[in-house]
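The next block holds one structure in the form of structure tokens; read it before the comments.
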Amino acid sequence: MLTYTPPSLHLHLHLHRYPHSTTISSSLHHHPNHPTTTAPDPVLRIHNSKTTSFLHHRQPASTTTNETKNPPQEYENDHHRHRDSEGKPKTPPHILPPQEKQNILEMSLVTKRGPQFPGSIYANSLPSLQSVIQTQNEDDEDDEEVMIRRALDIRRKVTAEVFKAAMKKGKFGITYSTNLVNRLPDFIDHVMIEAAALKRSPEFKDSTFNLRAKLVIDHSNVVPLIRWLKHNNLSYPKIAKLICMSKGNLDSIRRLVEWLKTVYVKGEFLGATLLKSGDDILHRRLEELDEIVDYLESNGVRRDWIGFVISRCPRLLSYSMEEVKTRVDFYLNMGMNENDFGTMVFDYPGVLGYFTLEEMNQKVNYLKEFGLSTEDVGKLLAFRPQLMGCSIEERWKPLVKYLYYLGISRDGMRRMLTIKPMIFCFNFETTIAPKVQFFRDIGVREDAIGNMLVKFPPLLTYSLHKKIQPVVIYLMTKAGVTEKDIGKVVALGPELLGCNIAKTLEVNVKYFLSLGIRVRQLGEMIGDFPKLLRYKVDLLYPKYQYLRRTMVRPLQDVIEFPRFFSYSLEERIIPRHKIMVENRVNFKLRYMLACTDEEFNQRVADKVERRQRFESGRMDDAVSDSQMAEGTLGKTASSSLSS
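Structure follows, in structure tokens:
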């Protein structure tokens, strides 16, 4: 029969008497209608609703039912139940599921026991670790390997927690410590292995794993190193990667960072330089690195440039001395001197380390196909070393094909390459093609686009939306250029698109309008001579004053011939005007200036000769007239006398 047992008898039961039972924290007085049983020994507490649900969830249905309905008997009965007739231990009646085994492993390997509270399930009440490792077949190596892997994973978690505790002691925040530790799997394994190795030492034979892991972390000085690297502007991902690269030799990180500072690598680039220098950079001798630096310095790279070069091309530190010499000689053999080589490396450090020798030779040979010599290519690379960073197949060949489609010959491409080599570094689809299409839209003829680009290659380097379009809009709205003439203006004077609106164009437009020229007339002048707006007012003013005051010419002459402002006042305008005054001849400005000295002198001579003939013809006419007048007077006198 079931009987009621006082709650006081249910407290503090010895679990070692019932290794297969579960301790329940609920009291029977919470269930007054629950039946009771009579037993010689104290009865275990009965499950409440929460613990019953927990057991149903954590254990197989059959096991949970049996354990709930059949509480354990005396210890002696339980002892005999698990032995056979010969006295040997029996195989456990059931095998725990894998998830249950993993949970028990975690509870047995954690650093601290979890907090206990009424209604909790204690680890001691669960099956022993030995029963977890056991399987139906003791020789099942696969299952054993799985359990070992799980045990290692749990040890890693324990080691990570010890590392976080050390970080917390070093005044690091929880979030920073967690993010850093999550990126240190290799170093966590290193600490775990070293801590396990300390077990062999008699001094640490009886110490816990947590203590040994803490000693390994403290002895490595990793926490002070992390703080020092963080002080040098390294982010936690870079710090974590460096620590993993060191393979436990953390002193090599500090040693190499100190060396990088001696060659003027700035703190913000230390992390990137270390990470991109190769996996073996932490294991290289400093003497080898000093030899590389001294060799570069002897070939034109200044000492205070070395830090900039290394930070932009960290791979240079991973090369041997022989390979560095081979790369340097590749450029020096193209006719570069030390100054050109030094400035080239400073402008684009990747020219030394980012490309293989085969790629470098291919690019040099391709540039020679434009008609350039080896020395010309050397000068070109010294001026624009970024060309070595361009792909032949992806960048140069599509651009050359597009320029050929625009009617540009190989000589024109060579001119563009030598004047503005940066054009060959652009993606023509996103940079060049939209500008060409814009020129078509404003009226530039198809056959004039290629000539315009060859004439002024820097035009392709200007921004379409920030430079070219604003200038075109200003010319059409403020300078009087019509929509019909804007294409001609751009084709004849593409340099105009590179002028600053506020400092050049607007100043010149205001000056010409102040002379009395109307906006429409100014637009026609710009259409005839687009370069008109590129001159400085200081050069325009003396020429206009000489035209108006000394030459006594009207303003209309300038409107008809705006190219007048392009000629030198001292070398052409004044000397030719004096010749005209001395010879008493006069020409329009176009015939006065737009010719060579020989042509001008010939025109003056012809003009003088015609004037002389004209004057001599008038003298002959005057003599004949006087003779005729005298004859008439004589006839009149004789007739009067006869009469």
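Residue 1 is where the sequence shown starts when you use full-length UniProt numbering, and the numbers rise one by one after that.
Beta carbons are placed, not taken as given, at the ideal position from N, Cα and C, and that holds for glycine.
Are the beta-carbon atoms belonging to F438 and L464 less than 9 angstroms from one another?
-> Here the question's residue 438 lines up with position 438 in the sequence shown. Here the question's residue 464 lines up with position 464 in the sequence shown. Closer than 9 angstroms, so yes.
Could you tell me how far apart the beta carbons of E375 and G342 are, in whole angstroms, since I believe they sit closer than 8 angstroms?
-> Within the sequence shown, residue 375 is the residue found at index 375, counting from 1. Within the sequence shown, residue 342 is the residue found at index 342, counting from 1. Incorrect: roughly 18 angstroms between the Cβ atoms, too far for contact.
Write down the C-beta distance between L367 and L380 rounded to the nearest angstrom, noting that I regard them as a contact closer than 8 angstroms.
-> In the sequence shown, counting from the first residue as 1, residue 367 sits at position 367. In the sequence shown, counting from the first residue as 1, residue 380 sits at position 380. That pair is a contact at about 7 angstroms.
From Y122 to D218, what distance separates their C-alpha atoms?
-> Indexing the sequence shown from 1 puts residue 122 at position 122. Indexing the sequence shown from 1 puts residue 218 at position 218. A caution first: Y122 carries a pLDDT of 46, below 50, which makes its placement in the model unreliable, though a value can still be read off. Distance between the alpha carbons of Y122 and D218: 33 angstroms.
Which class does Y354 belong to by DSSP, given the choice of helix, strand or coil?
-> Start at 1 with the first residue of the sequence shown, and residue 354 comes out as number 354. If DSSP states are grouped into helix, strand and coil, Y354 belongs with coil.
So A213 and T178 are in contact, right, with Cβ under 8 angstroms, and what is the actual spacing, rounded?
-> Against the sequence shown, residue 213 aligns to sequence position 213. Against the sequence shown, residue 178 aligns to sequence position 178. Rounded, the Cβ-Cβ distance is 17 angstroms, inconsistent with contact.
Could you pull the start and end residues of the alpha helix (DSSP H) that S246 belongs to?
-> Translated into positions along the sequence shown, residue 246 becomes position 246. First-last of the alpha helix (DSSP H) with S246: Y236 to S246.
Buried or exposed: H231, going by 16 or more other Cβ atoms within 10 Å of its Cβ?
-> As a position in the sequence shown, residue 231 is number 231, starting the count at 1. H231 should be labelled exposed.
Please go through the region 505-556 and give each complete alpha helix (DSSP H) segment of 4 or more residues, from N-terminal end onward.
-> 506-514, 519-528 and 537-545
What do you reckon, are the CB atoms on Y535 and I573 nearer than 9 angstroms?
-> On the sequence shown, residue 535 is found 535 positions in, with the first residue counted as 1. On the sequence shown, residue 573 is found 573 positions in, with the first residue counted as 1. Their beta carbons are not under 9 angstroms apart, which means Y535 does not touch I573 by this criterion.
Of the residues K238, V293, K503 and I188, which one's Cα is nearest the Cα of T273?
-> Taking the sequence shown and counting its residues from 1, the one referred to as residue 273 is at position 273. Minimum Cα distance to T273 is reached at K238.
Should the region 249-266 be called in touch with the region 200-214, which here means at least 3 C-beta pairs below 8 angstroms?
-> no
The alpha helix (DSSP H) enclosing D304, as first and last residue numbers | Here residue 304 refers to the residue found at position 304 of the sequence shown. No alpha helix (DSSP H) holds D304; DSSP gives it neither H nor E.
Any idea what DSSP makes of S566, helix, strand or coil?
-> As a working mapping, residue 566 is identified with position 566 in the sequence shown. Three-state DSSP puts S566 in a helix.
Given 8 angstroms as the limit, is there contact between the region 442-453 and the region 489-500, that is, 3 or more CB pairs closer than that?
-> yes
Would you check if the distance between the CB atom of D538 and the CB atom of R563 is smaller than 9 angstroms?
-> For the purposes of this step, residue 538 is taken as residue 538 along the sequence shown, with counting starting at 1. For the purposes of this step, residue 563 is taken as residue 563 along the sequence shown, with counting starting at 1. Contact flag unset, no.
Alpha helix (DSSP H) containing A382: first to last residue?
-> To locate residue 382, count along the sequence shown from 1; it is residue 382. Element bounds for A382: T374 to F383.
Apart from the five residues just before and just after A240, which ones in its own chain have a Cβ nearer than 7 angstroms to its Cβ?
-> For this step, residue 240 is matched to residue 240 along the sequence shown. Excluding residues within five positions, the ones whose Cβ falls inside 7 angstroms are L180, R183 and L184.
Excluding five sequence neighbours on each side, which residues of the same chain lie with their C-beta closer than 8 angstroms to the C-beta of N221?
-> For the purposes of this step, residue 221 is taken as the residue at position 221 of the sequence shown. Hits under 8 angstroms: L250.
What do you get for L460, buried or exposed, if any count of 16 or more other CB atoms within 10 angstroms of its CB means buried?
-> Mapped onto the sequence shown, residue 460 falls at position 460. L460 should be labelled buried.
Under a three-way DSSP split, which group does D294 fall into?
-> Translated into positions along the sequence shown, residue 294 becomes position 294. Correct three-state label for D294: helix.
How big is the Cα-Cα spacing for K467 and L316?
-> Within the sequence shown, numbered from 1, the residue matching residue 467 stands at position 467. Within the sequence shown, numbered from 1, the residue matching residue 316 stands at position 316. So the two alpha carbons sit approximately 39 angstroms from each other.
Would you check if there are 3 or more beta carbon pairs closer than 8 angstroms linking the region 470-477 to the region 427-436?
-> no
Assumed close pair Y402, F428 - CB separation to whole angstroms, cut-off 8 angstroms | Position 402 of the sequence shown, counted from the start, is the residue given in the question as residue 402. Position 428 of the sequence shown, counted from the start, is the residue given in the question as residue 428. That pair is a contact at about 5 angstroms.
Spatial distance of L260 from I419 (CA atoms) = As a position in the sequence shown, residue 260 is number 260, starting the count at 1. As a position in the sequence shown, residue 419 is number 419, starting the count at 1. Approximately 38 angstroms, taken between the alpha carbons.
With 16 other CB atoms within 10 Å as the buried threshold, where does H190 fall?
-> The residue labelled residue 190 in the question sits at position 190 within the sequence shown. With 16 or more Cβ atoms within 10 Å of its Cβ, H190 is classed as buried.
E323 to R255 span [Cα, whole Å] = Translated into positions along the sequence shown, residue 323 becomes position 323. Translated into positions along the sequence shown, residue 255 becomes position 255. Roughly 24 angstroms separates the two Cα atoms.
Would you check if the region 145-153 and the region 164-171 touch, i.e. whether three or more CB-CB distances between them fall below 8 angstroms?
-> no
Within this structure, are the beta carbons of G487 and Y462 separated by less than 9 angstroms?
-> Start at 1 with the first residue of the sequence shown, and residue 487 comes out as number 487. Start at 1 with the first residue of the sequence shown, and residue 462 comes out as number 462. No, the pair does not count as a contact, with Cβ atoms beyond the cut-off.
Would you say L555 and L533 are within 9 angstroms of each other, going by their C-beta atoms?
-> Here residue 555 refers to the residue found at position 555 when the sequence shown is read from its first residue. Here residue 533 refers to the residue found at position 533 when the sequence shown is read from its first residue. Against a cut-off of 9 angstroms, the Cβ pair of L533 and L555 comes out as no contact.
For the alpha helix (DSSP H) that contains D251, what are its first and last residues?
-> Residue mapping note: residue 251 aligns to position 251 of the sequence shown, counting from 1. Looking at the DSSP string, the run of the alpha helix (DSSP H) that includes D251 is D251 to T262.
Please state if the CB of I442 and the CB of V472 are separated by a distance shorter than 9 angstroms.
-> Here residue 472 refers to the residue found at position 472 when the sequence shown is read from its first residue. Here residue 442 refers to the residue found at position 442 when the sequence shown is read from its first residue. It is a contact, given that the beta carbons lie within the stated cut-off.
Which of helix, strand or coil does DSSP assign to C313?
-> Position 313 of the sequence shown holds residue 313. DSSP places C313 in coil when its eight states are reduced to three.
Status (buried if at least 16 other CB within 10 Å, exposed otherwise) for Q521 | Residue numbering aside, residue 521 sits at position 521 when the sequence shown is read from its first letter. Per the 10 Å Cβ criterion, buried.
Assign I174 to buried or exposed, taking buried as 16 or more other Cβ atoms, counted over all protein chains shown, within 10 Å of its Cβ.
-> Reading the sequence shown from its first residue, position 174 is the one you call residue 174. So I174 counts as exposed.
Under the three-state DSSP convention, the category D279 falls into | Stepping through the sequence shown from its first residue, residue 279 is reached at position 279. Reduced to three states, the DSSP call for D279 is coil.
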